[in-house]
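Visitor:
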Amino acid sequence: MNPVKRSLLPPTARKMFNATYYMSQPGSRRGYGYGRGLGSWSNITLPSIPPPPASSLRVVVSVDEDKGLNSRVSFRFARAPFFLIVDIVGKKPTNVKVISNTMSTAPRGVGAAVGQWLINIGARIVVGPHFGPNISMILSQAGIEAREAKPGVTALNVLKELGLMG
1 MNPVKRSLLP
11 PTARKMFNAT
21 YYMSQPGSRR
31 GYGYGRGLGS
41 WSNITLPSIP
51 PPPASSLRVV
61 VSVDEDKGLN
71 SRVSFRFARA
81 PFFLIVDIVG
91 KKPTNVKVIS
101 NTMSTAPRGV
111 GAAVGQWLIN
121 IGARIVVGPH
131 FGPNISMILS
141 QAGIEAREAK
151 PGVTALNVLK
161 ELGLMG
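In terms of our numbering, the numbers along the sequence shown are unbroken and rise by one, the last being 166.
(1) Could one say the Cβ of Leu118 lies closer than 9 Å to chain D's Cβ atoms, at least one of them?
(2) How long is the line joining the alpha carbons of Thr45 and Lys160, rounded to whole angstroms?
(3) Go ahead and pull the three-state DSSP assignment for Ile144.
(4) In three-state terms, what does DSSP make of Ile138?
(5) Can you give me the C-alpha to C-alpha distance between Val114 and Ile138, rounded to a whole angstrom?
(6) How should Pro52 be labelled, buried or exposed, when 16 other C-beta atoms within 10 angstroms of its C-beta is the threshold for buried?
(7) Can you have a look at Asp87 and say buried or exposed, based on whether 16 or more other CB atoms are within 10 angstroms of its CB?
(8) Let me check one thing: in DSSP terms, what residues is Asn95 bridge-paired to?
(9) Do the region 143-150 and the region 86-105 touch if we need at least three Cβ pairs shorter than 8 Å?
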């Protein structure tokens, strides 16, 4: 069978062979992360943090404000505005840092990205109100312990209730 010459096709069929026309149509399958009208994949990253000292326990808490240990636990984990990173040695905090969560406004894939970041920074325990399915799976596979806490309670009180600080 001979291939159909493009010039013999009707104008509407010719448009189908034109890639730029096809890609400009709403709902078209353009690939490269542009499906379902959700926009492109984001390349937002969270900051790199040096690993914790060998004898310390790194705990990450999702918080709503930048007030150190007096910050309140957020209502969401992966999309929380801030993460409180606490290195604990002998039930005493040695390093306390609040990081702005740049992934909180990403269109999708936030749980997976935050989970990978938690692995990279050496977190051993994460504390939040609720963990979605993606981040729960990533944390369990990485051996990171996920503990739930009531939102609105200060991080210091939560860490004391969990027995991590004295």
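No residue lacks a Cβ here, since even glycine has one placed at the ideal position from N, Cα and C.
Guide: From the atom records:
(1) Looking for chain D here will not work: only one protein chain is present.
(2) 31 Å
(3) coil
(4) helix
(5) 10 Å
(6) buried
(7) buried
(8) Asp87
(9) no
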